[in-house]
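Novice: Under numbering that gives the first Met the number 0, the sequence shown has 10 at position 11, and the numbering climbs by one with no breaks. Just dropping this structure here.
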Amino acid sequence: MKKIETIRTLLLLPIFTVFSVCGYAQAFKPGENPIFRNIFTADPAPLVVDDTLYVYVGHDEAGEGQMFNITEWVVYSTTDMKNWTFHGSVMKPTDFDWAVRDAWASQVIEKDGKFWFYTTVEHGPPHNAKAIGVAVADSPLGPFRDAKGSALVYDGMTPTPEDPHDWDDIDPTVFTDDDGTTWVAWGNMHLYLAKLKANMIEFDGPIQEIYLPNYTEGPWLHKREDVYYLTYPCFAHQNMYEKMCYATAPRITGEWTYQGILTDRTENSFTIHPGIVEYKDQWYFFYHDAKLSIDGVSGAMGRRSVAVQYLYYNEDGTIKPITQTKDGVSFPPKSPESYQGPVFNPAGPLVAITSDIQVTQDIAIAATEWKGTPVLQTTGDPYQTAIIPESFNRSDQGAATLGQVFRPDVDFRLREVSLYVGDGLGTTESEGVTLALYEFDEDVANRDDRYSYVVGNNLLGPDHDLKINYTPQAQGLLQLRLDESRQPVLHAGRSYVLELQGVRGSAPLFWRRTKTDTYPGGAAYQDRSLIENDPNAGDFGLALYGDTLVGR
0 MKKIETIRTL LLLPIFTVFS VCGYAQAFKP GENPIFRNIF TADPAPLVVD DTLYVYVGHD
60 EAGEGQMFNI TEWVVYSTTD MKNWTFHGSV MKPTDFDWAV RDAWASQVIE KDGKFWFYTT
120 VEHGPPHNAK AIGVAVADSP LGPFRDAKGS ALVYDGMTPT PEDPHDWDDI DPTVFTDDDG
180 TTWVAWGNMH LYLAKLKANM IEFDGPIQEI YLPNYTEGPW LHKREDVYYL TYPCFAHQNM
240 YEKMCYATAP RITGEWTYQG ILTDRTENSF TIHPGIVEYK DQWYFFYHDA KLSIDGVSGA
300 MGRRSVAVQY LYYNEDGTIK PITQTKDGVS FPPKSPESYQ GPVFNPAGPL VAITSDIQVT
360 QDIAIAATEW KGTPVLQTTG DPYQTAIIPE SFNRSDQGAA TLGQVFRPDV DFRLREVSLY
420 VGDGLGTTES EGVTLALYEF DEDVANRDDR YSYVVGNNLL GPDHDLKINY TPQAQGLLQL
480 RLDESRQPVL HAGRSYVLEL QGVRGSAPLF WRRTKTDTYP GGAAYQDRSL IENDPNAGDF
540 GLALYGDTLV GR
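This is the structure in structure tokens:
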């Protein structure tokens, strides 16, 4: 207790208190970032109760060689956004009898005079995977106790046979709508949404899945006026540092409209995590980075620090992009500024390109089957099998081409190509994507130790009019209809390679492939070399359409 009182005193020291950040001694003004400096903290979850703002965080304690070591949740409070009081631990994972470790992301809400704590822990036997528990208290400072006696969500409730991983059920966000109904959303790689019963510990109806571009984890729900907002870390499952993206909807069940990138990656931390709240008529955006050093121990992946910025809206309800600053909220909020449009691609605005390819994107749901009757397909159920995202940034140096080899069983005139894609930053003038098709000489390919191939003339014709227009979408179909002058005849028994050509290191789109070999007539290539990072190199999701030629 004496230690806690000492920390409280440190947190309320005057304006010129010196702390070590990034290895350097620096003086912090009240409201500057990071806002908590006594311990490493992550996954901020703000809650307003009367005149006080509380922020619940995980206590990061990772040592050398550890990714995460989070053993408790602690809480801070403020009444002015400048000075913070540290209240210490409010709960540990083992306070759930069925949990064994890992105080991952959480959120607390108030309802019917009680405080409900929804959080991520590691479930013990028999589930042995991440799960979501719910605890309850009579005060925002606890003590919190298990409200259900078992997990609200465990791994078996959200089976993902196409993408098995034991951290599927993490990062709950909880939101009570104007009609009194409470909803919870959560998930890594898959985004789930469910309504809670009035008792707050059971679901009232089925678990739904929401499909959003670039979704990774850590959702946060909030509402302003008549618009619902879903903010989430994005891009991590695509071999990139997490940025923050968001979507809007007219109702909590959707349809959700992707609004792009809210803020870029943070310093020193692969992860980022949102917390958005209105407090005293001003909106705030909480997150974490890893800039803080404490007693010579530097910030890192598992030693993060919470920060905050002002959040502003445009008149159309979109959120103005956020720049991360050391200043944080140490200065008064700004007056409303001019419109700041959404950012979809840091390389520049998305552009529509004149092309001999007619592009149709299927952005509503994750397609479980190809449309119509393809002449050839590399996988029967792309959603269940084509789960590995590959782009031009997916190797150490990036790649300039992605290719899929195929062999037709019949002669046909190629009319349309359908790719199973998902996510990405979209195409810009500097980060375009071009379609190409070549004959594949297996004798030449097999002579090369890297199983690579060489190309001749593009069977689709000159490249300069074969650009693809692409805006970010959840995993689904990208249908490319060729101009009549571009439709080649493909012959049974011959091998061909369909290629996407792009800028090395860029990520305008992600062509998804299978984990294992689903199509015996071909294989997936990157930079014209066979992808061999799985025991069986999986195939890109590809379907071809056309007119079968009889008697040729």
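Every residue gets a Cβ at the ideal spot worked out from N, C-alpha and C, and that includes glycine.
(1) Can you tell which of Tyr309, Leu349, Asp326 and Ile321 has the C-alpha that lies nearest to the C-alpha of Lys333?
(2) Can you look up His122 in the DSSP assignment and give me helix, strand or coil?
(3) Tell me where the alpha helix (DSSP H) around Gln383 begins and ends.
(4) DSSP on Pro92, reduced to helix/strand/coil?
(5) Any contact between the segment 426–433 and the segment 539–548? By contact I mean 3 or more CB pairs, one from each, below 8 Å.
(6) Between Trp255 and Ile321, how many whole angstroms is the CB-CB distance? I'm expecting something under 8 Å.
(7) Contact check, Gln383 vs Thr367 under 8 Å by CB: the rounded distance?
(8) Just to confirm before moving on: does the CB-CB distance between Ile108 and Thr51 stay below 8 Å?
(9) Could you check where the beta strand (DSSP E) with Trp166 kicks off and where it finishes?
(10) Quick one: give me the first and last residue of the beta strand (DSSP E) that Ala44 is part of.
(11) Indicate whether Val420 and Leu508 have their beta-carbon atoms separated by less than 8 Å.
(12) Quick check: the segment 516–524 against the segment 371–388, are at least 3 beta-carbon pairs closer than 8 Å?
(13) If you count every other CB in all the chains shown that lies within 10 Å of the CB of Arg250, and 16 or more means buried, which is it?
(14) Pick helix, strand or coil for Ser337, following the three-state DSSP scheme.
(15) Using the DSSP secondary-structure output, state which residues sit across from Phe539 in a beta bridge.
(16) From this set, Pro124, Val342, Ser451 and Tyr228, which residue's C-alpha is nearest Asp154's C-alpha?
(17) Spell out a yes or no on whether the segment 185–193 and the segment 237–244 are touching, meaning 3 or more CB-CB pairs, one atom from each, closer than 8 Å.
(18) Work out the CA separation of Gln396 and Val488 for me, nearest whole Å.
(19) Can you list, in chain order, the residues of its chain whose CB lies under 6 Å from that of Ala299, leaving out five sequence neighbours each side?
(20) Return the residue from the list Leu46, Pro335 and Tyr452 that minimises the CA-CA distance to Val56.
(21) Between which two residues does the beta strand (DSSP E) carrying Thr554 extend?
(22) Could you check whether the segment 94–105 touches the segment 323–338, counting it as contact only if at least three pairs of C-beta atoms, one from each stretch, sit closer than 8 Å?
(23) Any beta-carbon of chain D closer than 8 Å to the one on Ala491?
(24) Run through DSSP, which three-state label would Arg527 get?
(25) Kindly indicate which residue of Asp178, Gly204, Gly179 and Asn213 has the alpha-carbon position closest to the one of Met188.
(26) How far does the beta strand (DSSP E) with Thr262 in it reach, from first residue to last?
(27) Assign Gln65 to one of two classes, buried (16 or more other C-beta atoms within 10 Å of its C-beta) or exposed (fewer than that).
(28) Count the other CB atoms within 10 Å of the CB of Gly22; is the residue buried (16 or more) or exposed (fewer)?
(29) Considering just the uninterrupted stretch of the beta strand (DSSP E) at Val226, what are its terminal residues?
(30) In the structure shown, what three-state DSSP assignment does Met199 receive?
(31) When DSSP builds the beta bridges, which residues end up paired with Pro388?
(32) Consult DSSP for Glu498 and reduce its assignment to one of helix, strand or coil.
(33) Jot down the residue ranges of each uninterrupted beta strand (DSSP E) in the segment 267–305, minimum 3 residues, whole runs only, in chain order.
(34) Since Arg100 sits in a beta bridge, which residues does DSSP pair it with?
(35) Would you please state the rounded distance, in angstroms, between the beta carbons of His490 and Asp410? I believe it to be under 8 Å.
(36) May I ask you to report which of helix, strand or coil DSSP gives Asp178?
Specialist: Working from what's here:
(1) Numbered from 1 along the sequence shown, position 334 holds the residue referred to as residue 333. Closest in C-alpha terms to Lys333, from the list Tyr309, Leu349, Asp326 and Ile321, comes Tyr309.
(2) Counting from 1 along the sequence shown, the entry for residue 122 is found at position 123. Strand at His122.
(3) Sequence index remark: in the sequence shown, residue 383 carries index 384 (1-based). In the DSSP assignment, Gln383 falls within the alpha helix (DSSP H) that extends over Pro381 to Thr384.
(4) For this step, residue 92 is matched to residue 93 along the sequence shown. It is helical.
(5) Because the criterion of three Cβ pairs below 8 Å is not met, the segment 426–433 and the segment 539–548 do not touch.
(6) Sequence index remark: in the sequence shown, residue 255 carries index 256 (1-based). Sequence index remark: in the sequence shown, residue 321 carries index 322 (1-based). Going by Cβ atoms, the distance from Trp255 to Ile321 rounds to 20 Å, so no, they are not a contact pair.
(7) The residue you call residue 383 lines up with position 384 of the sequence shown. The residue you call residue 367 lines up with position 368 of the sequence shown. At roughly 7 Å, the Cβ-Cβ gap stays under 8 Å, so Gln383 and Thr367 are in contact.
(8) In the sequence shown, residue 108 corresponds to position 109, counting from 1. In the sequence shown, residue 51 corresponds to position 52, counting from 1. No, the Cβ-Cβ distance between Ile108 and Thr51 is not below 8 Å.
(9) Taking the sequence shown and counting its residues from 1, one reaches residue 166 at position 167. Where Trp166 is concerned, there is no enclosing beta strand (DSSP E), given that its DSSP letter is neither H nor E.
(10) Translated into positions along the sequence shown, residue 44 becomes position 45. First-last of the beta strand (DSSP E) with Ala44: Phe39 to Val48.
(11) Working through the sequence shown from its first residue, we reach residue 420 at position 421. Working through the sequence shown from its first residue, we reach residue 508 at position 509. In this structure, Val420 sits near Leu508, with a CB-CB distance shorter than 8 Å.
(12) Yes, they touch.
(13) As a first step, residue 250 must be located in the sequence shown, where it is residue number 251. A residue is called buried once 16 or more other Cβ atoms fall within 10 Å of its Cβ, and Arg250, having fewer, is exposed.
(14) Residue 337 sits at position 338 when you count from the first residue of the sequence shown. Note: Ser337 maps to coil in three-state DSSP.
(15) As a position in the sequence shown, residue 539 is number 540, starting the count at 1. Bridge partners of Phe539: Arg512.
(16) One-based indexing of the sequence shown puts residue 154 at position 155. Minimum Cα distance to Asp154 is reached at Pro124.
(17) Flag = no, the segment 185–193 and the segment 237–244 do not touch.
(18) Reading the sequence shown from its first residue, position 489 is the one you call residue 488. Reading the sequence shown from its first residue, position 397 is the one you call residue 396. Val488 and Gln396 have their C-alpha atoms some 35 Å from each other.
(19) For the purposes of this step, residue 299 is taken as the residue at position 300 of the sequence shown. Closer than 6 Å at Cβ, skipping near neighbours: Ala289.
(20) For the purposes of this step, residue 56 is identified with residue 57 of the sequence shown, where counting begins at 1. Of Leu46, Pro335 and Tyr452, the smallest CA-CA separation from Val56 is found for Leu46.
(21) What the structure shows of the chain is the stretch from 0 to 551, and residue 554 is not part of that stretch, so it cannot be assessed.
(22) With the cut-off at 8 Å, the segment 94–105 and the segment 323–338 do not touch.
(23) Looking at the structure shown, chain D is missing, and only one protein chain is on hand.
(24) By one-based count along the sequence shown, residue 527 stands at place 528. Of the three classes helix, strand and coil, the one that applies to Arg527 here is coil, per DSSP.
(25) Taking the sequence shown and counting its residues from 1, the one referred to as residue 188 is at position 189. When only C-alpha atoms are compared, the closest one is Asn213.
(26) Within the sequence shown, numbered from 1, the residue matching residue 262 stands at position 263. Start and end: Thr256 to Thr262.
(27) Residue 65 sits at position 66 when you count from the first residue of the sequence shown. By the C-beta density criterion, Gln65 is exposed, having fewer than 16 other C-beta atoms within 10 angstroms.
(28) Here the question's residue 22 lines up with position 23 in the sequence shown. In this prediction, Gly22 has a pLDDT of 36, which is less than 50 and means its spatial position is unreliable; what the coordinates show is noted afterwards. Classification for Gly22: exposed.
(29) The residue labelled residue 226 in the question sits at position 227 within the sequence shown. Per DSSP, Val226 belongs to the beta strand (DSSP E) from Val226 to Cys233.
(30) One-based indexing of the sequence shown puts residue 199 at position 200. DSSP places Met199 in the coil class of the three-state scheme, outside both helix and strand.
(31) Indexing the sequence shown from 1 puts residue 388 at position 389. Its beta-bridge partners are Arg511.
(32) One-based indexing of the sequence shown puts residue 498 at position 499. When DSSP states are grouped into helix, strand and coil, Glu498 belongs to the strand group.
(33) Taken in chain order, the complete beta strand (DSSP E) segments of 3 residues or longer contained in the segment 267–305 are 274–278 and 281–288.
(34) Residue 100 sits at position 101 when you count from the first residue of the sequence shown. Bridge partners of Arg100: Glu121.
(35) Position 491 of the sequence shown holds residue 490. Position 411 of the sequence shown holds residue 410. Right, their Cβ atoms sit about 5 Å apart.
(36) In the sequence shown, the residue the question calls residue 178 occupies position 179. In this structure, Asp178 counts as coil in the three-state DSSP scheme.
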